[in-house]
Amino acid sequence: MNSTYAISADNNGKPVWKFILGELKPKGKFFTPFNIISIPIMILGLALIVIRFWKGIGSITNLTQETPWGLWIGFDVVTGVAFAGGAYVLTFMVYILNMRKYHSIIRVTVLNGFLAYAFYAGALLLDLGRPWHVINPIIGNGFGTSSVLFLVAWHFLLYMIAELIEFSPTIAEWLGARRARKILSGMTIAAVIFGITLSTLHQSGLGALYLMAKDKIHPLWYSEFIPIMFLVSSIFAGLSMVIFEGSISHRVFFRQISEKNHKAQHGIILGLSKICAGAMFAYFFLQMLVFIHGQHWHLLFTTMGLWYLVEMLGFVLIPMILFFISYRTGNINMIKVAAVITMLGVILNRLNVTIIGFRWDAAIHYIPSWMELVVTLAVIFTEIWIFRWVINRMPVLRDSPEWANENE
Amino acid sequence: MGLNRRSFFKLLGVTGMTLAIGKSTTGSENGSNSVEFYGILYDAARCKGCRGCEFDCAAAHGFKDPPPSKNLPPIRKTDETCNTVVNTIKTSKGEVFVKRQCMHCNEPACVAACLTQAMHKTKMGPVTWDGDKCMGCRYCMVSCPFDSPKFEYHSANPKIQKCDMCFDRLRAGESPACAFNCPNEALLYGKRRDLIREARRRIYEKPGLYNDHIYGEHEAGGTGWLYLSPVPFEELGMNTNLQNASYPALTKGFLYSVPSVFVLAPALLLGIYQSTKNNNNGEEHNDE
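Protein chains in written order, with numbering that gives the first Met the number 0: chain A, 0 to 407; chain B, 0 to 287.
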């Protein structure tokens, strides 16, 4: 974190590979609290992954014939992708609606989104029984076009490419590749439009995956509107993640952020808070409609019904009100609290559909094993490591080099 | 980035292609009614619970022999080591036996769920699994209303296991091992249409013996396996809350919306982009 970045301004004379080799070395202090916690978990996770490929999925997970999708799908993929939704919402606001105010956080959000997809799609490989066939729906060894999962798989792939294109000018600036940067910047708007379209479809598609499990999901969480619920909730899930991640980044990487952007952060968080409140209102309203339309009053005072109320009131309605009030009063700390509650609520909602409410009536309910949990944590920590690696090297939070601005 | 004549035609071309592809792909589920499927009629009133079919099935699929009848748990389920089980159920009419296996739906949820077409509804009727295509995602298991596909959780090269109605035997012109060997004629293999007629005849001739319902005639859009029973099917532990529409129909609405979103969303986004671009640029110049 202390070296200078002459190379990012201009890559004169130095071969690219030598530069990249130099950049691979760790920077900054090694024995930070985060490293001390994350490294053992990552090593343990790696060992568990070896066992999983050696002895089969059942050796480290609690999955059963009745509950074939557990934590790795329900949390890593379904919840992780919802949190990555900030990228498509923000690119929509900045590039399509031209809200320049949010431009300073677009790069970090897109990076976050891209890494989330890369790692959660990566985590998906762990859950596949026959991962060597993962390429089949892409190369056409069976185009299962009637499958929602086919759509989701293709969208993951295409969206990761779109996000990579959106992020690529940053890489070009890091490498000092002026010409490449110019070409890649020109592709941004096309990638954004394509990316937003893909996002609306696969955010809802993740919900649509569960449409055929009609008899297996608790009726309070199953409706034909799951796809729309997943899409709308991905808006505030993603933005809450942006608020949360932003407040951490501004603390951890504060030296990289310019004075101007530090000041702008206040207004950005306020603006996001307003959008979150609006999206959550729409979501809450939709949920109410579905609930009333489904005529589930009699289910409300069962255990699952109370659990449903906890989710809807405690983790949707209350943070929505918090977002609204603190937007009016300009209370940044309260917004951060609301963002955290919202994120917990989104986790709760996704787990309620995919795990807790899935086979809620089974005699023995699926509970993830500690090993599944460790692997999930290892995936998240690895993602944060890569995130930190990129932030410390590329002009994501810090301003672009001088020459990059001349082109615009 | 203006929308000139050329890019307009380009967009139009992409639009048309998306629509065309969308239609041809999502429509593939149709037309199954015109095909003559084969199936098996299981008559619980005739089954004596000898479990011979379990042994024949295991032999035909290379599984270990099922456990002996002594000290069996009351309700067993099929798993990755056996494709069929016969359970003994104490009902209002005494002990009744019920055989369980994959139902081979007319419009199977597992086939619609499969993103590699590893699950396949053959023209003869059996739903088969292809290990060269399957990626082991287990979405078929999530989708199947009968929980038929089973996964080998303790293998490094796991397979999906379920009844395939002895598809290899059918192609050779034989009948499935269980139906071929049943000593009590409780299992009848034939064209599904004929089996329904036969089942109706049995109910009509012995109304006192049978519960007046053919399980599988309409459940989940109709299944290849059809059940007759002396008692209501709830008593046998069969799921009677299934919808009569097929399960793939549940995702049709979503899948049909995909091409339209692909056409409308980019156009809309491009429109908004064009309209906001100039406005805000002006504002920003004023600000700075």
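We put the beta carbon where it would ideally sit given N, CA and C, even for glycine.
Every value quoted in this text rests on a predicted model; they were computed, and no experiment measured them.
Original post:
Between the C-alpha atoms of residue 315(A) and residue 271(A), what's the straight-line distance to the nearest angstrom?
Top reply: By one-based count along the first sequence, residue 315(A) stands at place 316. By one-based count along the first sequence, residue 271(A) stands at place 272. If you take the alpha carbons of residue 315(A) and residue 271(A), they lie about 16 Å apart.
**OP:** Go ahead and label residue 15(A) buried or exposed: buried means 16 or more other beta carbons lie within 10 angstroms of its beta carbon, across all protein chains shown.
**Re:** The sequence position of residue 15(A) within the first sequence is 16, counting from 1. By the neighbour-count rule (16 or more Cβ atoms within 10 Å), residue 15(A) is not buried but exposed.
Original post:
Closer than 8 Å, CB to CB, is residue 350(A) near chain B or not?
Top reply: For the purposes of this step, residue 350(A) is identified with residue 351 of the first sequence, where counting begins at 1. No, because no Cβ of chain B sits closer than 8 Å to the Cβ of residue 350(A).
Original post:
If residue 231(A) sits next to residue 282(A), beta carbons under 8 Å apart, how far is it from one beta carbon to the other, in whole angstroms?
Top reply: Counting from one through the first sequence, the residue named residue 231(A) turns up at place 232. Counting from one through the first sequence, the residue named residue 282(A) turns up at place 283. Indeed they touch by this definition, with Cβ atoms about 5 Å apart.
Original post:
Is the shortest distance between the beta-carbon of residue 73(A) and the beta-carbons of chain B less than 8 Å?
Top reply: For the purposes of this step, residue 73(A) is taken as the residue at position 74 of the first sequence. No, because no Cβ of chain B sits closer than 8 Å to the Cβ of residue 73(A).
Original post:
What is the C-beta distance between residue 83(B) and residue 162(B), in whole angstroms, given that I count them as a contact (C-beta under 8 Å)?
Top reply: Reading the second sequence from its first residue, position 84 is the one you call residue 83(B). Reading the second sequence from its first residue, position 163 is the one you call residue 162(B). That pair is a contact at about 6 Å.
Original post:
From residue 81(B) to residue 186(B), what does the alpha carbon distance come to, in whole angstroms?
Top reply: One-based indexing of the second sequence puts residue 81(B) at position 82. One-based indexing of the second sequence puts residue 186(B) at position 187. The alpha-carbon atoms of residue 81(B) and residue 186(B) are separated by roughly 18 Å.
Original post:
Apart from the five residues on each side of it in sequence, which residues of its chain come closer than 6 Å, Cβ to Cβ, to residue 78(A)?
Top reply: Counting from 1 along the first sequence, the entry for residue 78(A) is found at position 79. For residue 78(A), where only same-chain residues beyond five positions count, the Cβ hits under 6 Å are 346 and 349.
Original post:
Taking all protein chains shown into account, do 16 or more other C-beta atoms lie within 10 angstroms of the C-beta of residue 261(B), making it buried, or fewer, making it exposed?
Top reply: The residue labelled residue 261(B) in the question sits at position 262 within the second sequence. Residue 261(B) comes out buried.
Original post:
Just the Cα atoms here: how many angstroms apart are residue 241(B) and residue 218(B)?
Top reply: Against the second sequence, residue 241(B) aligns to sequence position 242. Against the second sequence, residue 218(B) aligns to sequence position 219. Between residue 241(B) and residue 218(B), the C-alpha separation is close to 6 Å.
**OP:** Using a cut-off of 7 Å between C-beta atoms, extract the partners of residue 99(B) located in chain A.
**Re:** Here residue 99(B) refers to the residue found at position 100 of the second sequence. Near residue 99(B) there are no residues of chain A at all, since even the closest Cβ is about 13 Å away, more than 7 Å.
Original post:
Using a C-beta to C-beta distance shorter than 7 Å, which residues of chain A count as neighbours of residue 149(B)?
Top reply: For the purposes of this step, residue 149(B) is taken as residue 150 along the second sequence, with counting starting at 1. Residues of chain A passing the Cβ test: 64.
Original post:
the segment 40-62 of chain B: which residues have C-beta closer than 9 Å to a C-beta of chain A, in chain order?
Top reply: none
Subject >> Contact list for residue 108(B) against chain A, beta-carbon separation under 7 Å >> reply: What you label residue 108(B) is simply residue 109 of the second sequence in a count that begins at 1. Here the neighbours are 211.
Subject >> Status (buried if at least 16 other CB within 10 Å, exposed otherwise) for residue 221(A) >> reply: Against the first sequence, residue 221(A) aligns to sequence position 222. Residue 221(A) comes out buried.
Subject >> residue 3(A), DSSP secondary structure in three states >> reply: Counted from its first residue, the first sequence places residue 3(A) at position 4. Because residue 3(A) sits at a pLDDT of 41, beneath the cut-off of 50, its placement in the model cannot be relied upon, and the following sentence gives the value as read from the coordinates. Residue 3(A): coil per DSSP, three-state reduction.
Subject >> 6 Å Cβ shell around residue 204(A) - same chain, five flanking residues per side excluded >> reply: Along the first sequence, one-based indexing puts residue 204(A) at 205. If we look at residue 204(A) and ignore the five residues flanking it on each side, its Cβ neighbours are 147, 150 and 151.
Original post:
Quick one, are the C-beta atoms of residue 333(A) and residue 343(A) less than 8 Å apart?
Top reply: Taking the first residue of the first sequence as 1, we reach residue 333(A) at position 334. Taking the first residue of the first sequence as 1, we reach residue 343(A) at position 344. For residue 333(A) and residue 343(A), no; Cβs fall outside 8 Å.
Subject >> Below-8 Å beta-carbon distance, residue 146(A) vs any chain B residue >> reply: If you number the first sequence from 1, residue 146(A) lands on position 147. Yes, contact with chain B.
Subject >> Beta carbon of residue 266(A) nearer than 8 Å to that of residue 229(A) >> reply: Here the question's residue 266(A) lines up with position 267 in the first sequence. Here the question's residue 229(A) lines up with position 230 in the first sequence. It is not a contact, given that the beta carbons lie outside the stated cut-off.
**OP:** Name the residue from 108(B), 134(B), 273(B) and 276(B) whose alpha carbon lies nearest to the alpha carbon of residue 145(B).
**Re:** As a working mapping, residue 145(B) is identified with position 146 in the second sequence. For residue 145(B), the nearest C-alpha among the options comes from 108(B).
Subject >> Cβ pair residue 326(A), residue 262(A) closer than 8 Å >> reply: In the first sequence, counting from the first residue as 1, residue 326(A) sits at position 327. In the first sequence, counting from the first residue as 1, residue 262(A) sits at position 263. In this structure, residue 262(A) does not lie closer than 8 Å to residue 326(A) by Cβ.
Subject >> Distance between residue 259(A) and residue 113(A) (C-alpha atoms, nearest Å) >> reply: In the first sequence, counting from the first residue as 1, residue 113(A) sits at position 114. In the first sequence, counting from the first residue as 1, residue 259(A) sits at position 260. If you take the alpha carbons of residue 113(A) and residue 259(A), they lie about 26 Å apart.
Original post:
Going along chain A in order, which residues have a C-beta closer than 8 Å to the C-beta of residue 188(B)?
Top reply: The residue you call residue 188(B) lines up with position 189 of the second sequence. Here the premise fails: no neighbours, minimum Cβ distance about 27 Å.
**OP:** Please specify which runs of the alpha helix (DSSP H), each continuous and at least 4 residues long, are wholly inside the segment 24-112 of chain B, giving them in chain order.
**Re:** 51-60 and 108-112
Original post:
Under 8 Å between the Cβ atoms of residue 223(B) and residue 38(B)?
Top reply: Sequence index remark: in the second sequence, residue 223(B) carries index 224 (1-based). Sequence index remark: in the second sequence, residue 38(B) carries index 39 (1-based). Taking 8 Å as the Cβ cut-off, residue 223(B) and residue 38(B) qualify as a contacting pair.
Original post:
Beta carbon of residue 183(B), beta carbon of residue 46(B): below 8 Å?
Top reply: Stepping through the second sequence from its first residue, residue 183(B) is reached at position 184. Stepping through the second sequence from its first residue, residue 46(B) is reached at position 47. Yes, they are a contact pair.
Subject >> Where the segment 107-140 of chain A meets chain B: residues whose CB sits under 9 Å from a CB there >> reply: 123, 126, 127, 128, 129, 130, 131, 132, 133, 134, 135, 136 and 140
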